[in-house]
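Inspection log for the structure reproduced underneath, given as structure tokens.
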Amino acid sequence: MSAHESDLWVGFEEMTAEDVAGPVWDEPVPLNPRGTLPAFPVDALPDWLGAMAAGVAEETQTPVDLAGCLALAVVGTAAGGRLTVTVRGQWSEPVNLYTAVALPPGNRKSAVFGLMTKPLLAAEKALIELTAPQRAEAAASARIAKAAAEKAEKIAANAEADKLAELTAQAISLSEAAERAVVPVEPQLVADDVTAESLTTLLAQQDGRISILSPEGEIFEIIAGRYSGVPNMGIFLKGHAGDMARVNRQARDAQYIENPAITMGLAVQPDVLDAIGQIKGADGRGLLARFLYSKPKSLVGYRNLTPELLSPDTADTYTQKLGRLALTLAGWTEAAELTLTPEADAVLLAYQRVTESRLGKDGSLAPIVNWASKRDGAVARIAGLLHLAAHPEDAWTKPIGAESMAAATRLGDYFTAHALDVFNAMKADPAQEAAHTVLTHLSETRTASFTKRDLFRAMPRGEFPAMGDLDPALNLLEDHGWVRQQPPPPRTTRGGRPPSPRYETHPRLTPGA
Numbered sequence: 032m033s034a035h036e037s038d039l040w041v042g043f044e045e046m047t048a049e050d051v052a053g054p055v056w057d058e059p060v061p062l063n064p065r066g067t068l069p070a071f072p073v074d075a076l077p078d079w080l081g082a083m084a085a086g087v088a089e090e091t092q093t094p095v096d097l098a099g100c101l102a103l104a105v106v107g108t109a110a111g112g113r114l115t116v117t118v119r120g121q122w123s124e125p126v127n128l129y130t131a132v133a134l135p136p137g138n139r140k141s142a143v144f145g146l147m148t149k150p151l152l153a154a155e156k157a158l159i160e161l162t163a164p165q166r167a168e169a170a171a172s173a174r175i176a177k178a179a180a181e182k183a184e185k186i187a188a189n190a191e192a193d194k195l196a197e198l199t200a201q202a203i204s205l206s207e208a209a210e211r212a213v214v215p216v217e218p219q220l221v222a223d224d225v226t227a228e229s230l231t232t233l234l235a236q237q238d239g240r241i242s243i244l245s246p247e248g249e250i251f252e253i254i255a256g257r258y259s260g261v262p263n264m265g266i267f268l269k270g271h272a273g274d275m276a277r278v279n280r281q282a283r284d285a286q287y288i289e290n291p292a293i294t295m296g297l298a299v300q301p302d303v304l305d306a307i308g309q310i311k312g313a314d315g316r317g318l319l320a321r322f323l324y325s326k327p328k329s330l331v332g333y334r335n336l337t338p339e340l341l342s343p344d345t346a347d348t349y350t351q352k353l354g355r356l357a358l359t360l361a362g363w364t365e366a367a368e369l370t371l372t373p374e375a376d377a378v379l380l381a382y383q384r385v386t387e388s389r390l391g392k393d394g395s396l397a398p399i400v401n402w403a404s405k406r407d408g409a410v411a412r413i414a415g416l417l418h419l420a421a422h423p424e425d426a427w428t429k430p431i432g433a434e435s436m437a438a439a440t441r442l443g444d445y446f447t448a449h450a451l452d453v454f455n456a457m458k459a460d461p462a463q464e465a466a467h468t469v470l471t472h473l474s475e476t477r478t479a480s481f482t483k484r485d486l487f488r489a490m491p492r493g494e495f496p497a498m499g500d501l502d503p504a505l506n507l508l509e510d511h512g513w514v515r516q517q518p519p520p521p522r523t524t525r526g527g528r529p530p531s532p533r534y535e536t537h538p539r540l541t542p543g544a
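Counting from 1 along the sequence shown, just add 31 to a position and that's the residue number in this note's numbering.
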């Protein structure tokens, strides 16, 4: 070996791994790890309801979470304001729910809503037809009473002095009768885009109950003050808790809704859930704590293009049972009380003890203490709905059993896991969500290196409106050790646009590369 070759070999032996392969990577720091959220336990629903949810999810190729949450909402629509669950005589829960499922666009939300709500709309149409004669009779009686009052007023106005007092008294009596005449409005079970004021009026007209079922999230914009300019959530708070609401109308006495019952089944885009956390007073007044949240993973890009179609028998059974339930309970004027069997009470009590043990400062539910404080009540409500669905012909004649309560606790655990994720996202730095999006993309594509421009072009349209919107995410990923920017190449004297910054990704994102 020559002296020159010897010098080269010595120099090579002195080179480090860093010289050969670049700086050694440290272990990356997790980005506020979320973990995998549980799937909706569709088997916790009674057979006919669970079969429909599963069948709709398969045909539409959507997460079963959407149809499952809607299954609870549609039974709540049928039962809202007509049943309550009493626990140990300590407290009572109405069986209406607020559910919100977060899914990106393109997930066929409208198709799922159409299939799950069709029997309710059919029941609503049947109620309109059944009550048509009664409404026609009431309208005719009101017109006759008004005409009689007007005629009596004219007679009294032209009466002789000796008959004036008598005729005036008759005119006043007939006028009061005309004022008291009420013409019932058409029955309505489901509303959609409605202001807080109109919602209150609907509740007064519909015997204290109404449901908002929508594949969009406009209702949150309305609550935030789309029309009024200020948040208006009072009726939504009272409509969940069943607290008395008051309606004032011109030329009429104030109306009191003793136990308002609003049911909500919504599908919204994920960023809507993050945005509602910014509504002034939404957290402090308890609006956010009233919703049962679901954030399933989108199936877009992984859907079966030849799915199994919904069984006609499953759809028919669902239509018959839900429709009959809605029609039966629509005629009730007073709420029925559901109690618990001793076994069901023991299941709920054990669940309450778990909740209480986790509400402390260091407990797992401490970050969502406002929501978790309503968790046991939500489980009681769900148990009431499952009991009603399991016994649609006579649920109000028997107590809730342990099986329904155990199934309700499983659903309670599901909604708890999703609520933790939702509230974490609400409070997180916006860069966290963007960094998660970029990290997921890099991991799925096993990208070893990339330029900022290439990354911008590869991301879904609308995810990052401008290339500069990637900066907070890339900075956060670099701080956590998931990516690192390479030194820019030397500038040439030819001018032109500088090259796009280039990044390397951590080897953990490219296993086997």
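C-beta atoms are modelled at their ideal positions from N, C-alpha and C, and glycine is treated no differently.
Quick caveat, the model's predicted, so the values are computed rather than measured.
Assignment of beta strand (DSSP E) within the stretch 477-518, counting only whole runs of 3 or more residues, yields 480-482 and 514-516 in chain order. Take the alpha-carbon of Ala255 and the one of Asn263: they are about 7 Å apart.
With respect to the C-alpha of Arg113, the residue from Ala179, Thr364 and Thr482 having the closest C-alpha is Thr364. Bounds of the beta strand (DSSP E) holding Phe322 are Phe322 to Ser325.
Put simply, the stretch 334-346 does not touch the stretch 390-409. Fewer than three CB pairs are less than 8 Å apart. A contact is defined here as three or more CB-CB pairs under 8 Å, and the stretch 432-444 meets this definition with respect to the stretch 69-83. Going by DSSP, Gly296 is part of the beta strand (DSSP E) stretching over Ala292 to Val299.
Counting the other Cβ atoms within 10 Å of the Cβ of Arg240 gives 16 or more, which makes it buried. With a minimum length of 4 residues, the unbroken runs of alpha helix (DSSP H) contained wholly in the stretch 78-109 fall at 78-91.
Residue range Pro373 to Ser388 is occupied by the alpha helix (DSSP H) that includes Val378, with no beta strand (DSSP E) assigned at that position.
Annotated as distal: Ser388 and Ala414, with beta-carbon spacing of 8 Å or more. Distance from the CA atom of Leu486 to the CA atom of Arg384, rounded to whole angstroms, is 49 Å. In this structure, the CA atom of Tyr129 is about 18 Å from the CA atom of Ala84.
Spatial neighbours of Thr348 in its own chain (CB-CB distance under 7 Å, excluding positions within 5 residues in sequence) are listed in chain order as Trp79. Leu62 sits in coil when the DSSP states are folded into three classes, being neither helix nor strand. The C-beta separation of Thr67 from Val105 comes to about 28 Å, leaving the pair out of contact by the 8 Å criterion.
A distance of 8 Å or more separates the beta carbons of Ala200 and Ala176. Distance from the CA atom of Leu330 to the CA atom of Val216, rounded to whole angstroms, is 42 Å.
The Cβ atoms of Gly270 and Ile307 do not sit closer than 8 Å to each other. Looking from the CA of Leu220, the closest CA among Gly107, Gly493 and Asp96 belongs to Gly107.
Cβ contact annotation for Ala375 (same chain, cutoff 6 Å, sequence separation greater than five): Ile431, Gly432, Ala433 and Met436, in chain order.
DSSP places Ala276 inside the beta strand (DSSP E), whose first and last residues are Ala276 to Val278. Checking the DSSP bridge columns, you'll see Ile288 partnered with Ala276. Of the candidates Ala367, Ala381 and Ala366, the residue whose Cα lies closest to the Cα of Pro373 is Ala381. Per DSSP, Tyr333 is not a residue of any beta strand (DSSP E), being assigned neither H nor E. Excluding its 5 nearest sequence neighbours in each direction, Leu268 has C-beta neighbours in its own chain below 8 Å: Asp274, Arg316, Gly317, Leu318 and Arg321, listed in chain order.
Counting of Cβ neighbours within 10 angstroms places Val213 among the exposed residues, the total staying below 16. By the criterion of a C-beta distance shorter than 8 Å, Pro135 is surrounded in its chain by Gln300, Pro301, Ser329 and Val331, once the five residues flanking it on both sides are discounted.
Here the C-alpha atom of Ala420 lies approximately 27 Å from the C-alpha atom of Leu230. Taken through DSSP and simplified to helix, strand or coil, Arg174 comes out as helix.
Counted as a single uninterrupted DSSP element, the beta strand (DSSP E) harbouring Glu124 occupies residues Trp122 to Pro125. Judged by their CB atoms, Glu494 and Thr478 are not nearer to each other than the 8 Å cut-off. Where Val118 is concerned, there is no enclosing alpha helix (DSSP H), although the beta strand (DSSP E) around it starts and stops at Leu114 to Val118.
According to DSSP, Glu368 shares a beta bridge with Thr115. According to DSSP, residue pairing for Tyr129 in a beta bridge involves Met295 and Phe322. Annotation: the continuous alpha helix (DSSP H) that includes Ile203 extends over Ala192 to Arg211.
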